[in-house]
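Chemist: This is the structure I want to talk about, given as structure tokens.
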Amino acid sequence: MVDVGRHPNIELLTMSEVVAASGYIGNFEVLLRKHPRYITEECTFCGECLERCNVFTEDEFNVGRGLRKAIYVPFLQSVPRQYVIDDKACIYFSDQGCEKCVEDCKKHAIDLSQTIEEETVHVGTIIAATGIKPYDPTGLYGYGDARFPDVITSMELERMMSVEGPTQGHVFRPSTGKRPESIAFIQCAGSRSFKEGQLSYCSKLCCANTIKNALLLKEHFPDLEIYVFHNGIRTSGNRQERMFLEARKQGVIFVNAFPEIGEGHILSFSDPILGQEKLIEKSFDLVTLAVGLVPTAQEMSSALGVPLGKRGFIKEDNQLSPTATPTNGIYIAGAVGAPADIKQCIEQAGSASMQVAKHFQKDYAELSPVIARVDLDKCTGCGKCVKQCLFGAIRVEDKVASITQALCRGCGNCEDACEFDAISIANYTEEQMKAQLREALREPEDKIIVFACNWCSYAGADFAGTSRLQYGANTRIIKTMCSCRVSVDLITHAFALGAPKVIVSGCHPGDCHYLDNNMFTKKRVTRLKEKLERKGLNPDRLMLEWVSAAEGRRFAEMIHRMEELEVDESEVEMSKMIFSQTKKKKVKKKMPTKEGKGV
Amino acid sequence: MPDDRIGVFICHCGTNINGMIDCHKVNEKVSQSGVALVREHSYMCTGGQAQIISDIDEYELDRVVVAACSPRIHEETFRSVCSVAGINPYLMEMVNIREQCSWCHSYVRDEATEKAAELVLMGIEKIKLNEPLTPLKVPMTKKALVIGGGISGIEASLQLADLGHKVILVEKGPTIGGKMAQLNKIFPDQNCSP
Chain A
1 MVDVGRHPNI ELLTMSEVVA ASGYIGNFEV LLRKHPRYIT EECTFCGECL ERCNVFTEDE
61 FNVGRGLRKA IYVPFLQSVP RQYVIDDKAC IYFSDQGCEK CVEDCKKHAI DLSQTIEEET
121 VHVGTIIAAT GIKPYDPTGL YGYGDARFPD VITSMELERM MSVEGPTQGH VFRPSTGKRP
181 ESIAFIQCAG SRSFKEGQLS YCSKLCCANT IKNALLLKEH FPDLEIYVFH NGIRTSGNRQ
241 ERMFLEARKQ GVIFVNAFPE IGEGHILSFS DPILGQEKLI EKSFDLVTLA VGLVPTAQEM
301 SSALGVPLGK RGFIKEDNQL SPTATPTNGI YIAGAVGAPA DIKQCIEQAG SASMQVAKHF
361 QKDYAELSPV IARVDLDKCT GCGKCVKQCL FGAIRVEDKV ASITQALCRG CGNCEDACEF
421 DAISIANYTE EQMKAQLREA LREPEDKIIV FACNWCSYAG ADFAGTSRLQ YGANTRIIKT
481 MCSCRVSVDL ITHAFALGAP KVIVSGCHPG DCHYLDNNMF TKKRVTRLKE KLERKGLNPD
541 RLMLEWVSAA EGRRFAEMIH RMEELEVDES EVEMSKMIFS QTKKKKVKKK MPTKEGKGV
Chain B
600 MPDDRIGVFI CHCGTNINGM IDCHKVNEKV SQSGVALVRE HSYMCTGGQA QIISDIDEYE
660 LDRVVVAACS PRIHEETFRS VCSVAGINPY LMEMVNIREQ CSWCHSYVRD EATEKAAELV
720 LMGIEKIKLN EPLTPLKVPM TKKALVIGGG ISGIEASLQL ADLGHKVILV EKGPTIGGKM
780 AQLNKIFPDQ NCSP
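Line by line, the protein sequences are chains A and B.
For the first sequence, position 253 (counting from the first letter as 1) is numbered 253 according to my numbering, and the numbering increases by one without interruption.
For the second sequence, position 83 (counting from the first letter as 1) is numbered 682 according to my numbering, and the numbering increases by one without interruption.
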């Protein structure tokens, strides 16, 4: 921490937050909002101001267990070593005119006239590492209820056990101020539950954290009775299991049960060995709720334009690039992406900074040229493609679509949206796809056309081959970058050319390399299947299947299933006829030229 | 594009392809499609590279189809071979006749051969319409923004700063340290919080 404060290459901006970001890799413009600290650089950390201030407020660093003054440092080793004035607590700001600290500061380092400032910074890359916050268990096990003062959270225990904490490291019962003789830890408090407002996931580190605290407590007070109520202890990884075994050796009792709390901090639980009928009641002096970790990424996600996953954490680009986001040049580190312990945070920070350093090796960023282009003669500026682009790479300017090349990923989702055939992916154009189809279906017979996405399904097909899994040689695999590139037009074109069977395959939902673009694929294929049915055709002739790069077997089985489908000639003829008649793409109306108007 | 001079390079991959597919037959069938050259080689990715380069020169090829393993393995290899020979790397197309043909149709030689030839013809149709492309270059501002001064942000900032890169570290609160600073000791070794 201290290293950060004095590193010549690091500009540390505290009291600051990111409001918005624009641009692309190599060239991001980020708007920052700096909140006033009311203390200037002249502060020498002498402490005179702290002595003079008489306003007390709740100390958030100690999770409300203790008080601090309105002028304060969160903790002694704070970086930067400067005081800060809490303008919500300081009575100067509520018009009571107190300026005692200003009067006493010999360095004139207190400036109460500071206001919020905004600043734009230019950077090449961004690492988002905004972390998490602990889950608020109010209402659970009587937490926050005056009747149960001795129910605390794991973070409160953590502060109590710290020598610098509000109790100088002494653990006591909030109700009596005396040392507890028995402590219960309740794991998964508000976690791994589908109840509303609770966390459905495992926060990964609470088990090890509880065991750590249990071991520390046992070290100081061998007679202390410690029960850990859990829903399966999860101590994976290096040395954690050893901690668990050590805790048991030290006499910590682990009970696989969900207790309930009653008056007098009595926990009742059913004995896991004797069964549900046998309820045990036991009184504890202190109950600690091991709470999970809650994402705090919402604001930053919208500021940076990087998507959140279902649980509110920043979504990783794909599982093989866990610190990358779908936006090139923006990376994540630590618990902003998923609950992570200190070791994992450091590992991820290393990974993210390595990727940034890789970009900084060169004076420029090199981006794939396989991206969308707009045919200006055909584009009408209708803007339908804009809505399809999850990467925000398309804008309509002067009545034509314009691509921000650095933002385009080349997925091809825009192609299907365009009714005028005006947008196409370089070297994956409609014409090229159709040329391949024509060649593959010169003799259609019993052919199976398989559209496979580059990242998962095509790789899955490769894996089937590497595993020497055999399937019919009547398959013709056509690669697209993303399954969303497979437009309705392309599929119907295959049927029009006499294809008896067509498979569209992509990454599993949630694994798509282009955010959730495969959901567009699903929508399109489902709609087309319905159309086949309406036209009296067998909808099973069109199959949608998710195949990952590791699922060679699944790929082969998918082909086998399709092989079993019987399609008779008349059916093929019928679809050939129906889809040869599909309407042509719309053509842009000629606009009157300026000369024509006689300007 | 009738003026195109397309060269097709068929890899035997030892017996990995030629063992299950009759590469000569593929050669014969593809030769009738009007391409400038069809060349076979036992290992296109190794000895074949020099062959491709000299053929591009000798036969004045301007587009290349390589029928071999998966592009996931050697696309970059053959793209750079083309670069060396003076052809835009995006005017090279790979056709997968190993992972997606010889290895998964190992016991039906005739059918696999037919499929391989058709795959090559599909590749030829595609390459005819490929455009030369150049990777997009955008200037790189060598300064990183790290958002959040917890353990992850601190570590990332220090790593980059130690490598000599400029870093702006933004923290919402009055101090860095994050949740880690609130911890008494950290598992599994009960070290003091860093």
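Idealized CB from N, CA, C, for every residue including glycine.
Do you know how far the Cα of aspartate 661 of chain B is from the Cα of isoleucine 652 of chain B?
Modeler: Approximately 11 Å between the Cα atoms of the pair.
Chemist: DSSP three-state label for methionine 354 of chain A, please.
Modeler: Looking at methionine 354 of chain A - three-state DSSP - the assignment turns out to be helix.
Chemist: Does chain A have any CB closer than 8 Å to the CB of methionine 739 of chain B?
Modeler: By this cut-off, methionine 739 of chain B is an interface position.
Chemist: Which runs of the alpha helix (DSSP H), 4 residues or longer, sit entirely within the segment 328 to 393 of chain A?
Modeler: The qualifying runs are 342 to 360, 384 to 388.
Chemist: Quick one, are the C-beta atoms of proline 174 of chain A and threonine 153 of chain A less than 8 Å apart?
Modeler: Not closer than 8 Å, so no.
Chemist: I'd like to know whether the C-beta of proline 688 of chain B is nearer than 8 Å to at least one C-beta of chain A.
Modeler: Cβ-Cβ to chain A under 8 Å: no for proline 688 of chain B.
Chemist: Any beta carbon of chain B sitting closer than 8 Å to that of serine 424 of chain A?
Modeler: No, because no Cβ of chain B sits closer than 8 Å to the Cβ of serine 424 of chain A.
Chemist: Would you mind telling me which residues of chain B sit closer than 9 Å to phenylalanine 75 of chain A, beta carbon to beta carbon, in chain order?
Modeler: What phenylalanine 75 of chain A touches in chain B: Thr774, Gly776, Ala780, Gln781.
Chemist: Kindly list, in the order they appear in chain A, the residues whose Cβ is closer than 9 Å to that of glutamine 650 of chain B.
Modeler: Ordered by position in chain A, no residue passes the 9 Å Cβ test against glutamine 650 of chain B, which lies about 25 Å from the chain.
Chemist: What does lysine 106 of chain A touch in chain B if you count any residue whose Cβ is under 9 Å from its own?
Modeler: Chain B residues near lysine 106 of chain A: none, gap ~22 Å exceeds 9 Å.
Chemist: Rounded to a whole number of angstroms, what is the C-alpha to C-alpha distance between tyrosine 92 of chain A and valine 63 of chain A?
Modeler: Taking the straight line from one Cα to the other gives about 25 Å.
Chemist: Note down, in chain order, each residue of its chain lying with its Cβ closer than 6 Å to the Cβ of lysine 100 of chain A, except the 5 sequence neighbours on either side.
Modeler: Excluding sequence neighbours, lysine 100 of chain A sits near Arg52.
Chemist: Check whether chain A comes within 8 Å of tyrosine 642 of chain B, counting only Cβ atoms and requiring the distance to be less than that.
Modeler: Not closer than 8 Å to any Cβ of chain A, the Cβ of tyrosine 642 of chain B fails to qualify, so no.
Chemist: State the DSSP-derived secondary structure class of asparagine 256 of chain A, mapped to helix, strand or coil.
Modeler: Residue state, collapsed to three classes: strand.
Chemist: State yes or no: is the beta carbon of glutamate 675 of chain B nearer than 8 Å to at least one beta carbon in chain A?
Modeler: It does not: the Cβ of glutamate 675 of chain B has no partner Cβ on chain A nearer than 8 Å.
Chemist: Contact defined as beta carbons within less than 8 Å: I believe glycine 329 of chain A pairs with alanine 349 of chain A. What is the distance between those atoms, to the nearest angstrom?
Modeler: Not quite, the Cβ-Cβ distance comes to about 17 Å (not below 8 Å), so this is no contact.
Chemist: If leucine 12 of chain A sits next to valine 19 of chain A, beta carbons under 8 Å apart, how far is it from one beta carbon to the other, in whole angstroms?
Modeler: That belief does not hold up - the Cβ atoms of leucine 12 of chain A and valine 19 of chain A are roughly 18 Å apart, past 8 Å.
Chemist: Check this for me: beta carbons of phenylalanine 2 of chain A and valine 55 of chain A, under 8 Å apart or not?
Modeler: The sequence given here has valine at residue 2 of chain A, not phenylalanine. Against a cut-off of 8 Å, the Cβ pair of valine 55 of chain A and valine 2 of chain A comes out as no contact.
Chemist: Do you know how far the Cα of arginine 485 of chain A is from the Cα of histidine 574 of chain A?
Modeler: The identity of residue 574 of chain A in the sequence shown is methionine, whereas the question assumes histidine. Answer to the nearest angstrom: the Cα atoms are 26 Å apart.
Chemist: Give every residue of the same chain whose Cβ lies closer than 6 Å to the Cβ of alanine 214 of chain A, excluding the five residues on either side of it in the sequence, and list them in chain order.
Modeler: Ile226, Ala247, Val252, listed in sequence order.
Chemist: Considering only residues of the same chain and omitting the five flanking positions on each side of glycine 144 of chain A, which have a CB-CB separation below 7 Å?
Modeler: Result list for glycine 144 of chain A: Thr138, in chain order.
Chemist: Suppose contacts are defined by Cβ-Cβ distances below 8 Å. Is valine 547 of chain A in contact with methionine 558 of chain A by that definition?
Modeler: In contact: valine 547 of chain A and methionine 558 of chain A (Cβ atoms closer than 8 Å).
Chemist: Can the beta-carbon of lysine 384 of chain A be found less than 8 Å from the beta-carbon of cysteine 418 of chain A?
Modeler: Against a cut-off of 8 Å, the Cβ pair of cysteine 418 of chain A and lysine 384 of chain A comes out as a contact.
Chemist: Once the 5 residues before and after phenylalanine 148 of chain A are set aside, which same chain residues still bring their CB inside 8 Å of it?
Modeler: Here the set comprises Tyr141, Gly142, Ile261, His265, Val287.
Chemist: Thinking alanine 473 of chain A and alanine 711 of chain B are a contact (beta carbons under 8 Å), I'd like their distance in whole angstroms, please.
Modeler: 5 Å between Cβ atoms; contact.
Chemist: Taking its Cβ as the centre, do 16 or more other Cβ atoms sit within 10 Å of phenylalanine 28 of chain A, making it buried, or is it exposed?
Modeler: Under this definition phenylalanine 28 of chain A is a buried residue.
Chemist: Quick check on lysine 725 of chain B - is its C-beta less than 8 Å from some C-beta in chain A?
Modeler: Answer yes: the Cβ-Cβ gap between lysine 725 of chain B and chain A drops below 8 Å somewhere.
Chemist: Under 8 Å, Cβ to Cβ, is there at least one residue of chain A near valine 766 of chain B?
Modeler: It does; some Cβ of chain A falls within 8 Å.
Chemist: Short of 8 Å in beta carbon distance, which residues of its chain neighbour phenylalanine 520 of chain A, apart from the five on each side in sequence? Order them along the chain.
Modeler: Closer than 8 Å at Cβ, skipping near neighbours: Gln388, Asn413, Asp416, Cys484.
Chemist: Beta carbons nearer than 8 Å to chain B: which residues of the segment 361 to 378 of chain A have them?
Modeler: Those residues of the segment 361 to 378 of chain A that come within reach of chain B (Cβ to Cβ, closer than 8 Å) are Lys362, Asp363, Tyr364, Ala365, Glu366, Leu367, Ser368, Pro369, Val370, Ile371.
Chemist: At a CB distance below 7 Å, what residues from the segment 4 to 16 of chain A approach chain E? Give them in sequence order.
Modeler: Annotation note: the requested chain E is absent from the structure, which comprises protein chains A and B.
Chemist: At a CB-CB cut-off below 9 Å, which residues of chain B make contact with histidine 122 of chain A?
Modeler: Simply Thr740, Lys742.
Chemist: Where does proline 670 of chain B fall in DSSP's three states?
Modeler: The answer is helix: DSSP assigns proline 670 of chain B an H, G or I state.
Chemist: Please return the same chain residues whose Cβ sits closer than 6 Å to the Cβ of aspartate 709 of chain B, not counting the five positions on each side in sequence.
Modeler: Excluding sequence neighbours, aspartate 709 of chain B sits near nothing in its chain.
Chemist: Applying a beta-carbon distance threshold of less than 7 Å, which residues of chain A neighbour serine 756 of chain B?
Modeler: Result: Val4, Ile10.
Chemist: Could you work out which residues of chain B lie near leucine 279 of chain A, taking near to mean beta carbons separated by less than 8 Å?
Modeler: Per Cβ cutoff of 8 Å: no residues; leucine 279 of chain A is ~33 Å from chain B at best.
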